[in-house]
Amino acid sequence: MSERVISRDFEMAHLFEIGVYLERGGYGAARQALQLKPEEIVEEIKKASLRGRGGAGFPAGLKWSFVPKVDKPKYLCVNADEGEPGTFKDRFIMSHNPHLLIEGIIITSYAVGINLAFIYIRGEYELIAQRLEKAIAEAKEKGFLGKNIFDSGFNLEVVVHRGAGAYICGEETALLESLEGKRGHPRLKPPFPASVGLFQMPTVINNVETIANVPYIIQKGAAWFTGLGLPKDGGTRLFGVSGMVERPGVYELPVGTPLRRIIFDYGGGVKNGRKLKGVIPGGMSAPILLPEEIDVPMDCESVAKIGSMLGSGAIIVIDDQTPILEVLRLVTKFYSHESCGQCTPCRLGTSWINKIVKRIVAGQGRKGDIDQIERLASQIKGRTLCPLGDAAAMPILALVKKFRQELEAQLTH
Amino acid sequence: MPKITIDGQTLEVAEGTTILKAAGQAGIHIPHLCYHPAFAPEGSCRLCLVEIEGAAKLELSCSTVVRDGMVVRTQSEKVKEARRSVLEFLLAEHPLDCPICDKAGECKLQDYYEAYGLFPSQFREVKEKRAKLVRIGRNLILDRERCIQCTRCVRFLLEITKTGELGVFQRGIHSEIGIYEGEPVDNNYSGNLAELCPVGAITDLDFRFKTRSWFLNSRPSICPLCSRGCAIAIESHKGLPRVELGQRVYRVKSRENPAVNQYWICDLGRYSYKYLDEARVEHPAQVVNGRKIGLSWDKIFIILSEKIRGLLIRKRTSRLAIVLNSALTNEELFLVKRLFQQELNVSRIIFSDPPDDKGDGLLLTAERTPNRRGALALGFELKGNWEELKKDKIDLLLIFASHLPEAIPLSWLQAEAVNIETKVLFTCRESNLDWLVDFVLPTAPIAEKQGSLTNIDGRVQNFKPALEPWGESWPEWQILVRLAREVPVNFRFFGSLNSIEAIQQSMAGEIPGLISSP
């Protein structure tokens, strides 16, 4: 296996304790960063081509540079909601190495001029939340958080906030609403969170894995990072491999590793020697890929080029014994269940499609149902308030397009 | 100022204008449901999507601010398809109960389906079953099947009344509007919710199932119940045989007036309209031995003018006393001033207004009459000094009580009745006062007459009749003009005052501040 960065020390016992983390050189990057000028850090992250690991793949350095240099409180929100089905990477980072995340938070906050950071964590991650709280307390005791960190004059507090189990709260603006104590409804953009975010203040929102990369980039430099991955998409990614695969799990591999290699070389291939039917390459909202498409390098642009997305790097393997109708059922059920209900096409469209699919599954499928699903999904796509509408429509459209024959065959009436 | 092109029309609009508003300025209506000009754009109904040249997707017109050189299309196939699609989604789960829905005829969903939809339904699934009769406030019923989740109601209560009684509960298709347990919508603006609801999800118990909106005549007026002077519409019909309820007025709605009440009216102004139809004084009458004997107005004027003439001849007009109230219009108060103060030298003029109540900090003021500012501007002292009336003998007492006979102290009249030769009550409402006077004469309330009122901020507002006068009611200004001519007093002056406009013209010369700027 190639060089592991984030997961380098994951096998070490008690890495989550600050003593062990310090022995491994922990908080060195933060100490180093706080001697730099904030702009230098932003510049370095930009050069490293660190792209967001949460789903959209937006360049992190660029996002930071959008924060206006105004004399207002600014906030960092670490998105640890990890709700995308198939995604289970951030929990590994936080449970094995919470201090890495905290160190990344210190550097990011310093770079953007933030004194209060929030970790918005999925409600189900109870143990991890406790571990984070403990790690924050340890860091504070050592003086890595709190006032005058490393004698730099920089102050920072970190607060862990647990979500209440809604997928929508992983959408950055719904996350902000939820964090403010309101119903998790996405906000209209613009304004973007970088200028008007949490409590109306400039806010940076980054995924856990994105932030966890920051200390290493500071320590080893942007060139090293892009060398690991690609010039326009640096570093490694934690690919979560699940589904009908021999060795499911999280694999840290360079950005750009071909999907085929991840499934067959690392994941051990399709379970029980069965044949591959399709792969969802980036979490449930990513359009499914056919077996002939899996030579794609796993970086944001390459996957987008073939009409899907790298998303959260969650790879779901589907074998030839899995009915596509079942995949469609799970996708539509999930999105209709998780639609926040705020905007019309998503609220009513996902539910309508779900009702049709349920009917087909119950053996009541009628001629024209598949066309109807396709029509409705295309009426959702590009028309909703937040990206969740697209997240629902795209996988449905891909399933219908790529497996129409199999789906049509299920229509009994 | 940015220049934009909408559907081929190029226009310049102010910096920061949204596409929806700019289109409005060009006379192009962009359909919308969640957007309301009083609130920040919500962007959730997705009906107002338009095509912007160069943009990859359709964009919201309610929230997108125009940029110089922007080319917008609101009628392209793409836009029409998106509108149809939003309507299709909304109608999929919407019940087809328009025939029994109070909103029918003024429902946005209905109107937009007519204008932009007209497709056959392709929804073949089972509709969600939801509660159709949820009492969310004193007068408010929520039908969750009809609700389209525009959240106008929620935002109204958060942003305008700041009481926040309603919220969105559940998620996705199960999203529903609701109150928090045991805390119904309870504020003086609750009635606005039924009006604000673009569909029939929130209906008003006061109006529910009483008539159909298309039977109603909607005419503008001004609310006379406090000194704010909110713009209202009085909606009435004479009653078709099948819906005869013995009432003309079915509801009072708010009318937009950015300078006074924006888009809202309070519940006091909305629900008090029954005084327009109930216990009205029908005909002029003389009260003799506890009975009302009908007289014609002609006869009344002969009697009254004779009395005044008698006082004039005997130089006893000081024996005349007048009771006014500040629900009278500027024009009427002006006529009183000219006729009684200036021509007849009457000095005993008092005001009998209802006592101040509590204002609510939003629209409702403490003053419960509409024209105190006008009366003050005309130089009246708004004192209700009933004792002063007794300083000298009264031969003729004229009480103008408008719609507020309760504001006249019954006990005073009871005690003094025998000492006053002739007591005349001008009012539109029956009350116990009727039996203590010699004449009860029906007048027209604000809703039935023309004139102007000066609100608490000194804003002079003209209004016209929204209803026909009840029975033989006369507006006070006509009564005063006629009386002056019958006596006659300064015929040259009063002889020419045949209309409100004529009165306003002569007022303009004397009291310029009382004329509204156009």
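Keeping their order, the protein sequence lines are chains A and B. Throughout the first sequence, residue numbering follows the numbering used here, covering 1185 to 1597 in sequence. Throughout the second sequence, residue numbering follows the numbering used here, covering 414 to 931 in sequence. Glycine included, C-beta positions come from ideal geometry on N, C-alpha and C.
(message) Taking the straight line between their C-alpha atoms, what separation do you get for B:Val749 and B:Ala897?
(response) Residue 749 of chain B sits at position 336 when you count from the first residue of the second sequence. Residue 897 of chain B sits at position 484 when you count from the first residue of the second sequence. Cα-Cα distance, rounded: 10 Å.
(message) Closest to A:Ile1537 by C-alpha separation, out of A:Ser1492, A:Val1584, A:Gly1491 and A:Ala1498, would be which residue?
(response) For the purposes of this step, residue 1537 of chain A is taken as the residue at position 353 of the first sequence. Residue A:Val1584 is the option with its Cα nearest to A:Ile1537.
(request) With 7 Å as the limit, tell me which residues of the stretch 468–488 of chain B have their beta carbon closer than that to any beta carbon of chain A; keep them in chain order. (result) Of all residues in the stretch 468–488 of chain B, Lys470, Leu471 and Ser476 have a Cβ within less than 7 Å of some Cβ in chain A.
(request) Return no unless some Cβ of chain A is closer than 7 Å to the Cβ of B:Ala646. (result) Counted from its first residue, the second sequence places residue 646 of chain B at position 233. Answer no: the Cβ-Cβ gap between B:Ala646 and chain A never drops below 7 Å.
(request) For the stretch 860–868 of chain B and the stretch 769–788 of chain B, state whether three or more C-beta atom pairs, one from each stretch, are separated by less than 8 Å. (result) The stretch 860–868 of chain B vs the stretch 769–788 of chain B: in contact.
(request) Ignore the nearest five residues each way along the sequence and tell me which others in A:Ala1406's own chain have a CB closer than 7 Å to its CB. (result) Counting from 1 along the first sequence, the entry for residue 1406 of chain A is found at position 222. Short of 7 Å from the beta carbon of A:Ala1406, and not among the five residues preceding or following it, lie these beta carbons of its own chain, in chain order: Glu1228, Lys1231 and Ala1232.
(request) Report, in whole angstroms, the separation of the C-beta atoms of B:Ile443 and B:Cys461, which I expect to be a contact under 8 Å. (result) Here residue 443 of chain B refers to the residue found at position 30 of the second sequence. Here residue 461 of chain B refers to the residue found at position 48 of the second sequence. Yes, they are in contact, since the Cβ atoms of B:Ile443 and B:Cys461 sit about 5 Å apart, within 8 Å.
(message) Is there a C-beta anywhere in chain B that falls below 7 Å from the one on A:Lys1517?
(response) On the first sequence, position 333 is the one that residue 1517 of chain A refers to. By this cut-off, A:Lys1517 is not an interface position.
(request) Taking only the alpha-carbon atoms, compute the straight-line gap between A:Glu1268 and B:Ile561 and give it to the nearest angstrom. (result) If you number the first sequence from 1, residue 1268 of chain A lands on position 84. If you number the second sequence from 1, residue 561 of chain B lands on position 148. A straight line joining the alpha-carbon of A:Glu1268 with that of B:Ile561 spans about 28 Å.
(message) So that I know if they touch, is there some Cβ in chain B lying closer than 7 Å to that of A:Gln1384?
(response) Counting from one through the first sequence, the residue named residue 1384 of chain A turns up at place 200. It does not: the Cβ of A:Gln1384 has no partner Cβ on chain B nearer than 7 Å.
(message) Quick check: is the beta carbon of A:Gly1549 nearer than 7 Å to any beta carbon in chain B?
(response) Reading the first sequence from its first residue, position 365 is the one you call residue 1549 of chain A. No - not a single Cβ of chain B is within 7 Å of the one on A:Gly1549.
(message) One question on the structure: do B:Leu752 and B:Leu880 come within less than 7 Å of each other, judged by their Cβ atoms?
(response) One-based indexing of the second sequence puts residue 752 of chain B at position 339. One-based indexing of the second sequence puts residue 880 of chain B at position 467. No, they are not a contact pair.
(request) Would you identify the three-state DSSP class for B:Cys461, choosing helix, strand or coil? (result) The residue you call residue 461 of chain B lines up with position 48 of the second sequence. DSSP places B:Cys461 in coil when its eight states are reduced to three.
(message) A:Phe1200 and A:Pro1282 - do their beta-carbons sit closer together than 7 Å?
(response) Within the first sequence, the letter at position 98 stands for residue 1282 of chain A. Within the first sequence, the letter at position 16 stands for residue 1200 of chain A. With respect to the 7 Å criterion, A:Pro1282 and A:Phe1200 are classified as neighbours on the basis of their beta carbons.
(request) Can you tell me which of the three DSSP states B:Pro611 falls into? (result) Counted from its first residue, the second sequence places residue 611 of chain B at position 198. In the structure shown, B:Pro611 falls within a coil segment according to DSSP collapsed to helix, strand and coil.
(message) Does any residue of chain A have a CB that is nearer than 7 Å to the CB of B:Ile933?
(response) Residue 933 of chain B is absent from the structure shown; chain B starts at 414 and stops at 931.
(message) If you follow the alpha helix (DSSP H) that A:Cys1530 is in, where does it begin and where does it stop?
(response) Numbered from its first residue, the first sequence carries residue 1530 of chain A at position 346. Thr1528 to Arg1543 is the extent of the alpha helix (DSSP H) around A:Cys1530.
(message) What would DSSP say about B:Pro931, mapped onto helix, strand or coil?
(response) Locating residue 931 of chain B in the second sequence gives position 518, counting from the first residue. Note that B:Pro931 has pLDDT 44, beneath the 50 cutoff, so the model's placement of it is unreliable and the number below is only indicative. Here B:Pro931 sits in coil by DSSP.
(message) For B:Val484 and B:Ile419, what's the separation of their Cα atoms in angstroms?
(response) What you label residue 484 of chain B is simply residue 71 of the second sequence in a count that begins at 1. What you label residue 419 of chain B is simply residue 6 of the second sequence in a count that begins at 1. B:Val484 and B:Ile419 have their C-alpha atoms some 6 Å from each other.
(request) Quick one: residues in its chain with C-beta nearer than 6 Å to the C-beta of A:Gln1403, no 5 flanking neighbours on either side, listed in chain order? (result) As a first step, residue 1403 of chain A must be located in the first sequence, where it is residue number 219. The residues are Ala1213.
(request) Identify, in the order they occur along the chain, each residue of the same chain with its Cβ nearer than 8 Å to the Cβ of B:Leu433, setting aside the five sequence neighbours on each side. (result) In the second sequence, residue 433 of chain B corresponds to position 20, counting from 1. Contacts found: Ile443, His445, Tyr448, Cys461, Ser474 and Cys475.
(request) Output yes if chain C places a C-beta closer than 7 Å to the C-beta of B:Leu503; else output no. (result) Checking the listed chains, one finds no chain C in this structure; the protein chains it contains are A and B.
(request) Check whether the Cβ atoms of B:Ile833 and B:Ile812 lie closer than 7 Å to each other. (result) Taking the second sequence and counting its residues from 1, one reaches residue 833 of chain B at position 420. Taking the second sequence and counting its residues from 1, one reaches residue 812 of chain B at position 399. Taking 7 Å as the cut-off, the beta carbon of B:Ile833 is found no closer than this to the beta carbon of B:Ile812.
(request) For the alpha helix (DSSP H) holding A:Tyr1294, just list the boundary residues, first then last. (result) Residue 1294 of chain A sits at position 110 when you count from the first residue of the first sequence. According to the DSSP assignment, A:Tyr1294 belongs to the alpha helix (DSSP H) that extends over Pro1282 to Val1296.
(request) Decide if B:Gly969 is buried, meaning its Cβ has at least 16 other Cβ atoms within 10 Å, or exposed. (result) No statement about residue 969 of chain B is possible, as the shown extent of chain B runs from 414 to 931 and does not include it.
(request) Give the residues of chain B in contact with A:Arg1513, contact being defined as C-beta atoms less than 7 Å apart. (result) Looking up residue 1513 of chain A in the first sequence gives position 329. Within chain B, no residue has its beta carbon less than 7 Å from that of A:Arg1513; the closest one is some 15 Å off.
(message) Within 7 Å of any Cβ in chain B, is that where the Cβ of A:Gly1566 sits?
(response) Here residue 1566 of chain A refers to the residue found at position 382 when the first sequence is read from its first residue. Closer than 7 Å to some Cβ of chain B, the Cβ of A:Gly1566 qualifies, so yes.
(request) Scan the stretch 550–581 of chain B for residues whose Cβ lies nearer than 7 Å to a Cβ of chain A and list them as they occur along the chain. (result) The residues in question are Gln562 and Val581.
(message) Check whether chain B comes within 7 Å of A:Gly1354, counting only Cβ atoms and requiring the distance to be less than that.
(response) Along the first sequence, one-based indexing puts residue 1354 of chain A at 170. A:Gly1354 does not count as touching chain B.
(request) Tell me B:Val736's beta-bridge partners as DSSP assigns them. (result) As a first step, residue 736 of chain B is located in the second sequence; it is residue number 323 there, counting from the start. B:Ile763 and B:Ile812, per the DSSP bridge assignment.
(message) To the nearest angstrom, how far is the alpha carbon of B:Ile715 from that of B:Arg895?
(response) For the purposes of this step, residue 715 of chain B is identified with residue 302 of the second sequence, where counting begins at 1. For the purposes of this step, residue 895 of chain B is identified with residue 482 of the second sequence, where counting begins at 1. Between B:Ile715 and B:Arg895, the C-alpha separation is close to 10 Å.
(message) Taking the straight line between their C-alpha atoms, what separation do you get for B:Arg949 and B:His816?
(response) The question about residue 949 of chain B has no answer, for chain B in this structure spans 414 to 931.
(message) Three Cβ pairs or more, each shorter than 8 Å: is that satisfied between the stretch 547–556 of chain B and the stretch 616–627 of chain B?
(response) Short answer: they touch.
(message) Check this for me: beta carbons of A:Gly1451 and A:Arg1421, under 7 Å apart or not?
(response) Indexing the first sequence from 1 puts residue 1451 of chain A at position 267. Indexing the first sequence from 1 puts residue 1421 of chain A at position 237. Contact check for A:Gly1451 against A:Arg1421 fails: the beta carbons are separated by 7 Å or more.
(request) Give the interface partners of A:Ala1539 over in chain B, defined as CB-CB distance under 8 Å, in chain order. (result) In the first sequence, residue 1539 of chain A corresponds to position 355, counting from 1. What sits at residue 1539 of chain A in the sequence shown is Lys, not Ala. Residues of chain B passing the Cβ test: Glu538 and Val539.
(message) Report the CB separation of B:Ser685 from B:Ile678 in whole angstroms; it is logged as a contact under 8 Å.
(response) The residue labelled residue 685 of chain B in the question sits at position 272 within the second sequence. The residue labelled residue 678 of chain B in the question sits at position 265 within the second sequence. With 8 Å as the limit, B:Ser685 and B:Ile678 do not qualify as a contact, their Cβ atoms being about 11 Å apart.
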